[in-house]
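Remarks on the structure that follows.
In the working numbering, the protein residues as written are 6 to 145.
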């Protein structure tokens, strides 16, 4: 035995027409959104989008620094696979949360083990060992 619906199909069609006409009337009477309401919606969305872009762009990242003999260097993304002429090994990095205030000669907030190479005649740039090459560090 099958189950039959006791709902009249004509009634269902009338209900559909009623709600369709009601939606059409509501749409016909709709007005444009005011600029104040639009701004209340757009400004927060824009602010959130900008915050997400800033966070993922690394603008708030303090970066890694290395203090070499009281000189502050910032680690860059430049990597070379051969040291330029005149650079010599001077020491290994010692990790410190605050390298600017550390008592070690070669303090850094970078967690990887690395050696420092400095050219005595040029103190603007130095190199540290990393990723199978040498990362450039520039003096601030």
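Note that the Cβ used here is the ideal one computed from N, Cα and C, for glycine as well.
What is the residue span of the alpha helix (DSSP H) that residue i lies within?
{"i": "residue 29", "result": "14–33"}
Helix, strand or coil: how does DSSP classify residue i here?
{"i": "residue 106", "result": "helix"}
{"i": "residue 44", "result": "helix"}
{"i": "residue 37", "result": "coil"}
{"i": "residue 84", "result": "strand"}
{"i": "residue 70", "result": "strand"}
{"i": "residue 113", "result": "strand"}
{"i": "residue 53", "result": "helix"}
{"i": "residue 97", "result": "strand"}
For the beta strand (DSSP E) holding residue i, just list the boundary residues, first then last.
{"i": "residue 117", "result": "First-last for residue 117: undefined, no H or E at that position."}
{"i": "residue 142", "result": "138–144"}
{"i": "residue 132", "result": "127–135"}
Cutting at 7 Å between CB atoms, please list the residues of its own chain near residue i, excluding the five before and the five after it.
{"i": "residue 116", "result": "100"}
{"i": "residue 74", "result": "110"}
{"i": "residue 169", "result": "Any question about residue 169 goes unanswered here, given that the chain covers just 6 to 145."}
{"i": "residue 136", "result": "84"}
Leaving out five residues on either side along the sequence, give the residues of the same chain with a beta carbon under 8 Å from the beta carbon of residue i.
{"i": "residue 85", "result": "132, 138, 139, 141"}
{"i": "residue 81", "result": "140, 141, 142, 143"}
{"i": "residue 130", "result": "124, 141, 142, 143, 144"}
Leaving aside the five residues before and after residue i along the sequence, list all residues of the same chain whose C-beta is less than 6 Å from its C-beta, in chain order.
{"i": "residue 112", "result": "72, 99, 101, 104"}
Below 8 Å on the Cβ atoms is my contact criterion, and I expect residue i with residue j to pass it. Report the Cβ-Cβ distance as a whole number of Å.
{"i": "residue 69", "j": "residue 114", "result": "6 Å"}
Taking 7 Å as the cut-off, is the CB of residue i close to at least one heavy atom of the ligand NAD?
{"i": "residue 57", "result": "Summarising the ligand content, the structure contains no ligands, and the ligand NAD is consequently not present."}
Does the pairing of the region 25–42 with the region 87–103 give three or more beta-carbon distances under 8 Å? Verdict: no, contact absent.
**Prompt:** Three or more C-beta pairs closer than 8 Å, one from the region 109–129 and one from the region 84–98: is that the case here?
**Reply:** Segments in contact, yes.
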